[in-house]
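Comments concern the structure below.
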Amino acid sequence: MDVRPGHFDEMHGSGTTVRAPYVDYQDWFADEDPRRLLKKSADAEALFRRTGITFNVYGGAEADERLIPFDIVPRILAASEWAVLERGMEQRVRAINAFLHDIYHRQEILRAGRIPTSVISDNEAFLPQMIGMTPPGGVYTHIVGTDIVRTGENEFYVLEDNARTPSGVSYMLENRETMLQMFPELFTKSRVRPVSEYPTDLRTSLGACAPAASGNRPTIAVLTPGIHNSAYFEHAFLADQMSVELVEGHDLSVEDGRIVMRTTRGSEPIDVLYRRVDDDFLDPLIFRSDSQLGIAGVMDVYRAGGITIANAPGTGIADDKAIYSYVPDIIDFYTGEKPLLNNVPTWRCAEPDSLAYVLDHLAELVVKEVHGSGGYGMLVGPAASKREMASFTKKLKANPSKYIAQPTLALSTVPILTRAGLAPRHVDLRPFALVSPDRIRITPGGLTRVALKRNSLVVNSSQGGGTKDTWVMET
Amino acid sequence: MRLVISHSTTYTYSTPVRHGLQELRLRPVSGPCQSVLAWDTEIVGATHQLLFDDEYGNRVELIRLTAGATETVVTARGEVETEDVGGVISSHSGHAPIWLFQRSTPRTAAGTGIRELCRDLAEADDEVTLLHGLSAAIGERVDYVPGQSDVETTAEDALVAGAGVCQDHAHVFIAAARHLGYPARYVSGYLLLGSSEQQDASHAWAEVWLEGLGWVGFDVSNGISPDGRYVRIATGLDYRAAAPIKGLRYGSGEEALHVELEVRAEWESGQQQQRSR
Numbered sequence: 023m024d025v026r027p028g029h030f031d032e033m034h035g036s037g038t039t040v041r042a043p044y045v046d047y048q049d050w051f052a053d054e055d056p057r058r059l060l061k062k063s064a065d066a067e068a069l070f071r072r073t074g075i076t077f078n079v080y081g082g083a084e085a086d087e088r089l090i091p092f093d094i095v096p097r098i099l100a101a102s103e104w105a106v107l108e109r110g111m112e113q114r115v116r117a118i119n120a121f122l123h124d125i126y127h128r129q130e131i132l133r134a135g136r137i138p139t140s141v142i143s144d145n146e147a148f149l150p151q152m153i154g155m156t157p158p159g160g161v162y163t164h165i166v167g168t169d170i171v172r173t174g175e176n177e178f179y180v181l182e183d184n185a186r187t188p189s190g191v192s193y194m195l196e197n198r199e200t201m202l203q204m205f206p207e208l209f210t211k212s213r214v215r216p217v218s219e220y221p222t223d224l225r226t227s228l229g230a231c232a233p234a235a236s237g238n239r240p241t242i243a244v245l246t247p248g249i250h251n252s253a254y255f256e257h258a259f260l261a262d263q264m265s266v267e268l269v270e271g272h273d274l275s276v277e278d279g280r281i282v283m284r285t286t287r288g289s290e291p292i293d294v295l296y297r298r299v300d301d302d303f304l305d306p307l308i309f310r311s312d313s314q315l316g317i318a319g320v321m322d323v324y325r326a327g328g329i330t331i332a333n334a335p336g337t338g339i340a341d342d343k344a345i346y347s348y349v350p351d352i353i354d355f356y357t358g359e360k361p362l363l364n365n366v367p368t369w370r371c372a373e374p375d376s377l378a379y380v381l382d383h384l385a386e387l388v389v390k391e392v393h394g395s396g397g398y399g400m401l402v403g404p405a406a407s408k409r410e411m412a413s414f415t416k417k418l419k420a421n422p423s424k425y426i427a428q429p430t431l432a433l434s435t436v437p438i439l440t441r442a443g444l445a446p447r448h449v450d451l452r453p454f455a456l457v458s459p460d461r462i463r464i465t466p467g468g469l470t471r472v473a474l475k476r477n478s479l480v481v482n483s484s485q486g487g488g489t490k491d492t493w494v495m496e497t
Numbered sequence: 414m415r416l417v418i419s420h421s422t423t424y425t426y427s428t429p430v431r432h433g434l435q436e437l438r439l440r441p442v443s444g445p446c447q448s449v450l451a452w453d454t455e456i457v458g459a460t461h462q463l464l465f466d467d468e469y470g471n472r473v474e475l476i477r478l479t480a481g482a483t484e485t486v487v488t489a490r491g492e493v494e495t496e497d498v499g500g501v502i503s504s505h506s507g508h509a510p511i512w513l514f515q516r517s518t519p520r521t522a523a524g525t526g527i528r529e530l531c532r533d534l535a536e537a538d539d540e541v542t543l544l545h546g547l548s549a550a551i552g553e554r555v556d557y558v559p560g561q562s563d564v565e566t567t568a569e570d571a572l573v574a575g576a577g578v579c580q581d582h583a584h585v586f587i588a589a590a591r592h593l594g595y596p597a598r599y600v601s602g603y604l605l606l607g608s609s610e611q612q613d614a615s616h617a618w619a620e621v622w623l624e625g626l627g628w629v630g631f632d633v634s635n636g637i638s639p640d641g642r643y644v645r646i647a648t649g650l651d652y653r654a655a656a657p658i659k660g661l662r663y664g665s666g667e668e669a670l671h672v673e674l675e676v677r678a679e680w681e682s683g684q685q686q687q688r689s690r
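Top to bottom, those sequences are chains A and B.
Count the first sequence with my numbering and you get residues 23 to 497, in order.
Count the second sequence with my numbering and you get residues 414 to 690, in order.
Written out as structure tokens, the structure reads:
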């Protein structure tokens, strides 16, 4: 297989030898008939179609439901590599929760001058309704999906912290399920750490964050905006896997100071609401009054301590791209430790010197909207046309504080199976961390997204990315 | 000064209520210029749900309208001992950062009128004088005319219309103060009037944060800073955040609002109480 020059391939390093975590897989692969594997690949797609994992792509045709392509070559991490990521993520998640508590209380980090006040005061993601509010158990980000990329043998960078409502965990689970069904022999040969405990862990972790007055077995419910939401499948899937109710706003109301759901057994109070509805739509009494997706009064019940909302409203202030560049300071300030995982060097275009640099080096940089997500509204300098660059230059000059810029990283590749055999494609990784008052659980593995187009660096499923099963080895 | 207050708000619905919630900000809290001696709220046609503190430190009660009700009555009554602090509350309490009060809201956004008002303001030797000048200018420009504005009226609208009530005066003042760079907040409360004891609405004024001094109150409608006749109930960025009653009702039909408010001074018993202490 070719390796893309200048890019670290996780299977082959920078040459032709197979790296240790992939040796067993390579042995197996060498004995396989490529035609059988291609057929298996098609089978996998059929399997996904049956299970119903589809994804609505914004900007495509109306209700364009399509499958996120799945590649059957796993992305494999050695136990030692995972240990680094796990410790680094845990440190980040702890720091972010400490930051959220501080920013909604005494704001020591601003008093200490470690973050300029304007970064918070001018930020729409700072939610005044959370001021003075300590969520049950002190947990703000119950579920975090940290986006990590790799650029070398020992070089990992965190791209985003995704502390609001990270999605994609259902793919992590379904991808493994599919691999187990199609290639059971692989899992007897290689000792891969399971991911199947995620739903149980999620339930345990959310339950541990229930309000103090809840009983031994807190009632948990998943709040979905409904079937038209692009991640509805995941909402239904997680509710099912946890054996909890899947609810919509109109199923819930305030009764006797609690949020209750109507069930066939009558009204039942909810202790923990795993909501997949954005802050703006969560409570028409407090936020957007035209929202049909939320529950009137839920924020009041929350402030009174009668319910846990996961993730807490207002966590966006921690994963905002304007805050991202301060995460190393945040880690240092709250933990006194050096960051274990790298941040990508980031130019804040709000700062005149940075803006000047960015405008001069546009062709080498990736420019992102501070409040954007999903790979929309960004400029990938090396891949951009003259026209795109000119249009971005205008946007940057008109509204510099809306943008940050980062160097284009030489993302690692992992092979995918093509008709011509294995071919390197760029990947990222989103492991999922579950936070409870007593511990942080990180499922070994995560969602590996892969850019299926040759040389493409954009892995987002909304822009033609696919996924892979992610293996973390026992040893 | 000991003030005895009785404040009842009646909503009458043309069709029975299906479902609805109301947040009540009707519980004054003890602070630098007042001690709440006794306070209670009573509700008819709704049930009590919660009592909590909001992000500004206001005591909030959530009530749920009773399905089928055609009327809700909320009565707040109690006694508050006030102290004349010359409108100055030196300390800031709670976790809401001072910079938050520089954020403009839809009701307090500065338009052309408010920018002009600020530009034409007479120069002053100190900030307090400057702000009293602002208050006087607003009083001259916006006549006190009940019924000309409603809860949605913006500061800019009220200034252009040249008419409004205390709420509009407060909004114009807040919008202008923030435009001048001062953190400012809305205060809802009660005021002892000399003339008649019966009032048809609660009162509102504004407070501005001045470095070195603290929160300083300005009652545009009366052209003064609050004294011992004022009781503070709730504060916030604007009316919407501090409103005595704010709610949401599902179902069709109109609603009518009727307020009865009595604020009186308990001179004698207050003095007796002091003697007996």
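All C-beta atoms, glycine included, are put in the ideal place defined by N, C-alpha and C.
Cα-Cα, which of the options is closest to residue i?
i: A656(B); options: L513(B), G602(B) and G636(B); result: G602(B)
i: P374(A); options: H250(A), S407(A), V494(A) and N421(A); result: N421(A)
i: A66(A); options: V95(A), G403(A) and I317(A); result: V95(A)
i: I165(A); options: K419(A), L304(A) and A455(A); result: A455(A)
i: L362(A); options: I353(A), R370(A), W369(A) and T368(A); result: I353(A)
i: A332(A); options: D491(A), H127(A), T187(A) and A64(A); result: T187(A)
i: V585(B); options: D539(B), L572(B), G594(B) and A597(B); result: L572(B)
i: M264(A); options: T497(A), L149(A), P247(A) and R239(A); result: R239(A)
i: A568(B); options: G625(B), L650(B), L670(B) and L623(B); result: L650(B)
i: E199(A); options: N184(A), P216(A), T210(A) and A185(A); result: P216(A)
i: D302(A); options: Y254(A), P291(A) and L315(A); result: L315(A)
i: L439(B); options: H671(B), W680(B) and T648(B); result: T648(B)
i: E673(B); options: I551(B), E455(B), A614(B) and Q447(B); result: A614(B)
i: E177(A); options: E410(A), N365(A), V494(A) and H393(A); result: N365(A)
i: R409(A); options: T226(A), H393(A), Y425(A) and A385(A); result: A385(A)
i: G190(A); options: I90(A), H123(A) and D31(A); result: I90(A)
i: I646(B); options: V498(B), I637(B), G636(B) and I658(B); result: I658(B)
i: P33(A); options: I345(A), D382(A), G174(A) and K62(A); result: It is Met, not Pro, that sits at residue 33(A) in the sequence shown. Comparing Cα positions, the closest option is G174(A).
i: E436(B); options: P221(A), A326(A) and E108(A); result: A326(A)
i: D632(B); options: Q447(B), I551(B), E624(B) and Y595(B); result: I551(B)
i: Y126(A); options: R516(B), S517(B), D640(B) and A509(B); result: A509(B)
i: T227(A); options: T168(A), P158(A), I137(A) and T440(A); result: As written in the sequence, residue 227(A) is Ser, which differs from the Thr given in the question. Comparing Cα positions, the closest option is P158(A).
Buried or exposed: where does residue i fall if 16 or more other Cβ atoms within 10 Å of its Cβ makes it buried?
i: G338(A); result: buried
i: S427(B); result: exposed
i: R447(A); result: buried
i: D341(A); result: buried
i: L401(A); result: buried
i: E84(A); result: Low local confidence applies: a pLDDT of 39 at E84(A) is under 50, so the model's placement there is unreliable, with the coordinate-based value given in what follows. Classification of E84(A): exposed, given that the 10 Å Cβ count is below 16.
i: Y324(A); result: buried
i: D556(B); result: exposed
i: Q428(A); result: buried
i: L416(B); result: buried
i: I317(A); result: buried
Measure how close the beta-carbons of residue i and residue j come, nearest whole angstrom, since I'm counting them as under 8 Å.
i: S36(A); j: A230(A); result: With a Cβ gap of about 44 Å, S36(A) and A230(A) do not count as contacting.
i: V106(A); j: L433(A); result: That belief does not hold up - the Cβ atoms of V106(A) and L433(A) are roughly 18 Å apart, past 8 Å.
i: I418(B); j: V644(B); result: 7 Å
i: V430(B); j: R662(B); result: 6 Å
i: F92(A); j: T489(A); result: 6 Å
Uninterrupted alpha helix (DSSP H) stretches inside the segment 386-426 of chain A (no shorter than 4 residues) = Entirely contained in the segment 386-426 of chain A, the alpha helix (DSSP H) runs reaching 4 residues are, in chain order, 408-420.
Give, in chain order, every residue of the segment 498-521 of chain B whose Cβ lies closer than 9 Å to some Cβ of chain A.
-> The segment 498-521 of chain B vs chain A, Cβ under 9 Å: G507, H508, A509, P510, W512, L513, Q515 and R516.
At what residue ranges does the segment 275-324 of chain A contain a whole run of the alpha helix (DSSP H), taking only runs of 4 or more?
-> Entirely contained in the segment 275-324 of chain A, the alpha helix (DSSP H) runs reaching 4 residues are, in chain order, 301-304.
What are the uninterrupted segments assigned as alpha helix (DSSP H) that are 4 or more residues long and contained completely in the segment 525-579 of chain B, given in chain order?
-> Listed in chain order, the complete alpha helix (DSSP H) runs (minimum 4 residues) inside the segment 525-579 of chain B are 525-532, 540-554 and 568-574.
Near-chain B residues of the segment 259-287 of chain A (beta-carbon distance less than 9 Å), N- to C-terminal order = Taking 9 Å as the Cβ-Cβ cut-off against chain B, the residues of the segment 259-287 of chain A that qualify are S275, V276, E277, D278, G279 and R280.
Unbroken stretches of the alpha helix (DSSP H), 4 residues or longer, contained in the segment 130-182 of chain A | Runs found: 130-133 and 139-143.
Scan the segment 217-277 of chain A and note each continuous alpha helix (DSSP H) run of 4 residues or more that stays entirely inside, going in chain order.
-> Complete alpha helix (DSSP H) runs here, min 4: 220-230 and 254-264.
Mind listing, in chain order, the continuous beta strand (DSSP E) runs of no fewer than 3 residues lying wholly within the segment 354-382 of chain A?
-> For the segment 354-382 of chain A, not a single whole beta strand (DSSP E) run of length 3 or above is found.
Which runs of the alpha helix (DSSP H), 4 residues or longer, sit entirely within the segment 626-663 of chain B?
-> Runs of the alpha helix (DSSP H) spanning 4 or more residues and lying entirely within the segment 626-663 of chain B occur at 652-655, in chain order.
At a Cβ cut of 9 Å, what residues of the segment 437-469 of chain B count as close to chain A, listed as they run along the chain?
-> From the segment 437-469 of chain B, only T460, H461, Q462, L463, L464, F465, D466, D467, E468 and Y469 have a Cβ closer than 9 Å to chain A.
Ranges of the beta strand (DSSP E) found wholly within the segment 430-494 of chain A, counting only runs of at least 3 = Fully enclosed beta strand (DSSP E) runs of 3 or longer: 435-440, 443-452, 454-457, 462-464, 469-473 and 487-494.
Give the residues from the segment 468-489 of chain B that approach chain A closer than 9 Å (Cβ to any Cβ), ordered along the chain.
-> Listed in sequence order: E468, Y469, G470, V473, L475 and R477.
Which residues, taken in chain order from the segment 308-324 of chain A, show a beta carbon closer than 8 Å to some beta carbon of chain B?
-> Listed in sequence order: S311, A318, G319, D322 and V323.
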